[in-house]
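>
Number of protein chains: 2
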Amino acid sequence: MPTVFPPPTPARDTAAPPRSLQKGQQTRSAILEAALGLASHMGLEGLSIGALAELMGMSKSGVFAHFGSREELQISVVREYHAKFEEEVFYPAMAEPRGLPRLAGLFERWVRRVAVEIDSGCIYISGAVEFDDRPGPVRDALAGMVQTWQDALARAIDLAVAEGHLRPDTEAAQLLFEVHGLILALHHDARFLRNPDSIARARRAFDRVIAAHATEAGQQALLQRAAGASAR
Amino acid sequence: MPTVFPPPTPARDTAAPPRSLQKGQQTRSAILEAALGLASHMGLEGLSIGALAELMGMSKSGVFAHFGSREELQISVVREYHAKFEEEVFYPAMAEPRGLPRLAGLFERWVRRVAVEIDSGCIYISGAVEFDDRPGPVRDALAGMVQTWQDALARAIDLAVAEGHLRPDTEAAQLLFEVHGLILALHHDARFLRNPDSIARARRAFDRVIAAHATEAGQQALLQRAAGASAR
Numbered sequence: 001m002p003t004v005f006p007p008p009t010p011a012r013d014t015a016a017p018p019r020s021l022q023k024g025q026q027t028r029s030a031i032l033e034a035a036l037g038l039a040s041h042m043g044l045e046g047l048s049i050g051a052l053a054e055l056m057g058m059s060k061s062g063v064f065a066h067f068g069s070r071e072e073l074q075i076s077v078v079r080e081y082h083a084k085f086e087e088e089v090f091y092p093a094m095a096e097p098r099g100l101p102r103l104a105g106l107f108e109r110w111v112r113r114v115a116v117e118i119d120s121g122c123i124y125i126s127g128a129v130e131f132d133d134r135p136g137p138v139r140d141a142l143a144g145m146v147q148t149w150q151d152a153l154a155r156a157i158d159l160a161v162a163e164g165h166l167r168p169d170t171e172a173a174q175l176l177f178e179v180h181g182l183i184l185a186l187h188h189d190a191r192f193l194r195n196p197d198s199i200a201r202a203r204r205a206f207d208r209v210i211a212a213h214a215t216e217a218g219q220q221a222l223l224q225r226a227a228g229a230s231a232r
Numbered sequence: 001m002p003t004v005f006p007p008p009t010p011a012r013d014t015a016a017p018p019r020s021l022q023k024g025q026q027t028r029s030a031i032l033e034a035a036l037g038l039a040s041h042m043g044l045e046g047l048s049i050g051a052l053a054e055l056m057g058m059s060k061s062g063v064f065a066h067f068g069s070r071e072e073l074q075i076s077v078v079r080e081y082h083a084k085f086e087e088e089v090f091y092p093a094m095a096e097p098r099g100l101p102r103l104a105g106l107f108e109r110w111v112r113r114v115a116v117e118i119d120s121g122c123i124y125i126s127g128a129v130e131f132d133d134r135p136g137p138v139r140d141a142l143a144g145m146v147q148t149w150q151d152a153l154a155r156a157i158d159l160a161v162a163e164g165h166l167r168p169d170t171e172a173a174q175l176l177f178e179v180h181g182l183i184l185a186l187h188h189d190a191r192f193l194r195n196p197d198s199i200a201r202a203r204r205a206f207d208r209v210i211a212a213h214a215t216e217a218g219q220q221a222l223l224q225r226a227a228g229a230s231a232r
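Line by line, the protein sequences are chains W and V. The first sequence begins at 1 in UniProt numbering and counts up one residue at a time. The second sequence begins at 1 in UniProt numbering and counts up one residue at a time.
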């Protein structure tokens, strides 16, 4: 199955490394996990090697040895977030039939990730606000990941057009802009205003936006998906 | 003309204070202006009395004397931002005829403020992301201002229904959610992805969302507004 996401990082593919290296990688993973939690609350700019060392019960130099610099730590957190996002949102949706069912699957998993998992706030969204004015490698890493995800969505929209589920005059970039706006509004209202209606609002708006572009065949495909979901 | 925004702070209304007090207020205003610029780049959490003192060529204690605490400074910046937002977006739009022309005026000025004035990033949007996980008086001040603005928009939508410009079954909260999403997507794409198409995308999406809810009379009112704008 073709994917527009870059292949997994080599670390996930290679054969088991020697034990000492394995131990080092486990520590690195544990630090990264803690850093991801910290960044989702405090922002990527809120990440400090000192705070992280305290959280891990390690020395600053111990943490530093694994990442070399605060910037490298921030970039590693962005990559880790991206890998989790792929696992939770992207890959499962790829198992759905191409066309509107897959697009709906991507949106639904994205909604759940952003709204339900309140504790792990979206680093894509908070990072975009933190780094819109700050050029440099962290911003580049973040923008690259966001662009990869947007390209994947645009491709899912194009496939839905190719399948005959969306009208041929559907402009992928415009539809993507509008769907992304619903996710951003959901993130804002659910996390900042603590409005419990926002998940339902996002879903209703998505259905309306899609209905405005869907063909008869597309509506049938969505109905079949919904019937399958309720039968499961 | 009724407004749902709170009345201006008394400082703007009272008679001229004695000269020494006036001088103090001028200094406070100058500090606040600098703080607003700093916060729009670095975020409200990036505001420090030290950085501000350096920027103003003042001592830390000199800055401190005007605000008392970093938190009070942050809240003052939020209030200042809100006052400017009212002046640029809210009050001019209130001069337009109630109904869809006014709603379109609010949206258009909001778009310009968010997208064109790239240098003064939206503190409502960046603040929401910074403070979604941080309870306290700064978050409360920010959420209060955002809610005030959302209430004003919801009222403009309700008035457009009352004028017969939007269909009677239009749900203000849902339409508001969708329109707000367009602004958030615009902010994201214009400021973070540096995509020059995003203003046009936001306008096109707004026209489409409104068209889906507008009555014949509403469409006429919008055409008249557009004709008036091109004649000016």
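Think of the CB as a built atom: it goes at the ideal place given N, C-alpha and C, for glycine as much as any other residue.
#1: Should V:M1 go down as buried or exposed, given a rule of 16 or more other Cβ atoms within 10 Å for buried?
#2: Got a sec? Which residues, its chain only, sit under 8 angstroms from W:A202 by beta carbon, not counting five neighbours each side?
#3: Taking the C-alpha atoms as reference points, what is the distance between V:V129 and W:P18?
#4: Under 7 angstroms between the Cβ atoms of residue 269 of chain V and V:G144?
#5: Using a Cβ-Cβ cut-off of less than 9 angstroms, list which residues of the UniProt domain "HTH tetR-type" (25-85) of chain W approach chain V; keep chain order.
#6: In terms of residue numbering, what span does the alpha helix (DSSP H) encompassing W:G46 cover?
#7: Between W:L176 and W:R98, how many whole angstroms is the CB-CB distance? I'm expecting something under 8 angstroms.
#8: Could you tell me whether the stretch 130-139 of chain W touches the stretch 41-51 of chain W, using the rule of 3 or more Cβ pairs below 8 angstroms?
#9: Where do the ends of the alpha helix (DSSP H) carrying W:H180 lie?
#10: Between V:D207 and chain W, is there a C-beta pair that is closer than 7 angstroms?
#11: So, under 8 angstroms CB-CB, V:L38 and V:L106 are touching, yes? Tell me the CB distance rounded to an integer number of Å.
#12: Strictly below 8 angstroms CB to CB, what residues from chain V border residue 256 of chain W?
#13: Looking only at its own chain, which residues have a Cβ that is under 8 angstroms from the Cβ of W:L32, when we skip the five neighbours before and after it?
#14: Assuming V:P101 contacts V:L222 under a Cβ cut-off of 8 angstroms, what Cβ separation, rounded to an integer in Å, is found between them?
#15: Do W:E71 and W:V138 have their C-beta atoms within less than 7 angstroms of each other?
#16: Would you mind telling me which residues of chain W sit closer than 7 angstroms to V:I125, beta carbon to beta carbon, in chain order?
#17: Given that a residue counts as buried once 16 or more other Cβ atoms are within 10 Å of its Cβ, and exposed if not, what is W:R225?
#18: Determine, using beta carbons only, whether W:L65 and W:L103 come nearer to each other than 7 angstroms.
#19: Which term fits V:G57, buried or exposed, when burial requires 16 or more other beta carbons within 10 angstroms of its beta carbon?
#20: I want to verify the contact list: residues of chain V whose CB lies under 9 angstroms from the CB of W:G191, in sequence order.
#21: How far does the alpha helix (DSSP H) with V:T215 in it reach, from first residue to last?
#22: Any C-beta of chain W sitting closer than 7 angstroms to the C-beta of V:E178?
#23: Please state the DSSP three-state secondary structure of V:L193.
#24: Do you know offhand how far V:I210's Cα is from V:G24's?
#25: Nearest CA to the CA of V:V146: which residue from V:D207, V:S29, V:P135 and V:Y124?
#26: Pull up the distance between the alpha-carbon of W:G228 and that of V:V89, whole angstroms please.
#27: Closer than 7 angstroms by beta-carbon distance: list the chain W residues that pair up with V:R201, in chain order.
#28: Would you report the Cα separation of W:E54 and W:F67, rounded to the nearest angstrom?
#29: Measuring only from the beta carbon, is W:D189 closer than 6 angstroms to any heavy atom that is part of the ligand GDP?
Short version:
#1: Taking the first residue of the second sequence as position 1, residue 1 of chain V is located at position 1. Per-residue confidence for V:M1 stands at a pLDDT of 39, beneath the threshold of 50, marking its modelled position as unreliable; the derived number appears in the next sentence. Its Cβ having fewer than 16 others within 10 Å, V:M1 is exposed.
#2: Counting from 1 along the first sequence, the entry for residue 202 of chain W is found at position 202. The residues are V111, A115, L182, I183, A185 and L186.
#3: Numbered from 1 along the second sequence, position 129 holds the residue referred to as residue 129 of chain V. Numbered from 1 along the first sequence, position 18 holds the residue referred to as residue 18 of chain W. Whole-angstrom Cα-Cα distance: 42 angstroms.
#4: Any property of residue 269 of chain V remains undetermined from this structure, which presents chain V solely from 1 to 232.
#5: Going along the UniProt domain "HTH tetR-type" (25-85) of chain W in chain order, one finds S40, H41, M42, G43, E45 and G46 with a Cβ nearer than 9 angstroms to chain V.
#6: Position 46 of the first sequence holds residue 46 of chain W. Taken as a continuous stretch (DSSP letters only), W:G46 belongs to no alpha helix (DSSP H), as it is neither H nor E.
#7: Counting from one through the first sequence, the residue named residue 176 of chain W turns up at place 176. Counting from one through the first sequence, the residue named residue 98 of chain W turns up at place 98. Not really, about 17 angstroms apart at Cβ, beyond 8 angstroms.
#8: These segments touch.
#9: Counting from 1 along the first sequence, the entry for residue 180 of chain W is found at position 180. That run of the alpha helix (DSSP H) goes A172 to H187.
#10: One-based indexing of the second sequence puts residue 207 of chain V at position 207. No - not a single Cβ of chain W is within 7 angstroms of the one on V:D207.
#11: For this step, residue 38 of chain V is matched to residue 38 along the second sequence. For this step, residue 106 of chain V is matched to residue 106 along the second sequence. 28 angstroms between Cβ atoms; not a contact.
#12: Outside the displayed range of chain W (1 to 232) lies residue 256 of chain W, so it cannot be described from this structure.
#13: The residue given as residue 32 of chain W occupies position 32 in the first sequence. If we look at W:L32 and ignore the five residues flanking it on each side, its Cβ neighbours are S76, V77 and E80.
#14: As a first step, residue 101 of chain V must be located in the second sequence, where it is residue number 101. As a first step, residue 222 of chain V must be located in the second sequence, where it is residue number 222. Contact flag correct, Cβ pair sits at about 7 angstroms.
#15: By 1-based counting over the first sequence, the position of residue 71 of chain W is 71. By 1-based counting over the first sequence, the position of residue 138 of chain W is 138. Yes, the Cβ-Cβ distance between W:E71 and W:V138 is below 7 angstroms.
#16: Counting from one through the second sequence, the residue named residue 125 of chain V turns up at place 125. Listed along chain W, the residues sitting closer than 7 angstroms to V:I125 by beta-carbon distance are V129.
#17: For this step, residue 225 of chain W is matched to residue 225 along the first sequence. Buried, by the Cβ-count rule.
#18: In the first sequence, counting from the first residue as 1, residue 65 of chain W sits at position 65. In the first sequence, counting from the first residue as 1, residue 103 of chain W sits at position 103. This sequence places Ala at residue 65 of chain W; Leu is not what is there. Not closer than 7 angstroms, so no.
#19: As a first step, residue 57 of chain V is located in the second sequence; it is residue number 57 there, counting from the start. Counting of Cβ neighbours within 10 angstroms places V:G57 among the exposed residues, the total staying below 16.
#20: Position 191 of the first sequence, counting from 1, holds the residue named residue 191 of chain W. First, the residue type needs correcting, since residue 191 of chain W is Arg and not Gly in the sequence shown. For the C-beta of W:R191, the chain V residues within less than 9 angstroms are, from N- to C-terminus, A128, V129, D132 and D133.
#21: Position 215 of the second sequence, counted from the first residue, corresponds to residue 215 of chain V. From DSSP, V:T215 is part of no alpha helix (DSSP H); its letter is neither H nor E.
#22: Along the second sequence, one-based indexing puts residue 178 of chain V at 178. Taking Cβ atoms only, chain W reaches closer than 7 angstroms to V:E178, which makes this a yes.
#23: As a position in the second sequence, residue 193 of chain V is number 193, starting the count at 1. DSSP places V:L193 outside both helix and strand once states are collapsed to three, so it counts as coil.
#24: Translated into the one-based positions of the second sequence, residue 210 of chain V becomes position 210. Translated into the one-based positions of the second sequence, residue 24 of chain V becomes position 24. Rounded to whole angstroms, V:I210 and V:G24 show a C-alpha spacing of 48 angstroms.
#25: Counting from 1 along the second sequence, the entry for residue 146 of chain V is found at position 146. Closest option to V:V146, judged by alpha-carbon separation, among V:D207, V:S29, V:P135 and V:Y124: V:Y124.
#26: In the first sequence, the residue the question calls residue 228 of chain W occupies position 228. In the second sequence, the residue the question calls residue 89 of chain V occupies position 89. In this structure, the CA atom of W:G228 is about 47 angstroms from the CA atom of V:V89.
#27: As a working mapping, residue 201 of chain V is identified with position 201 in the second sequence. Taking a Cβ-Cβ cut-off of 7 angstroms, the neighbours of V:R201 in chain W comprise Q174 and F177, given in sequence order.
#28: Along the first sequence, read from residue 1 onward, the residue named residue 54 of chain W stands at position 54. Along the first sequence, read from residue 1 onward, the residue named residue 67 of chain W stands at position 67. Here the C-alpha atom of W:E54 lies approximately 16 angstroms from the C-alpha atom of W:F67.
#29: Among the ligands in the structure shown, none appear at all, so the ligand GDP cannot be discussed.
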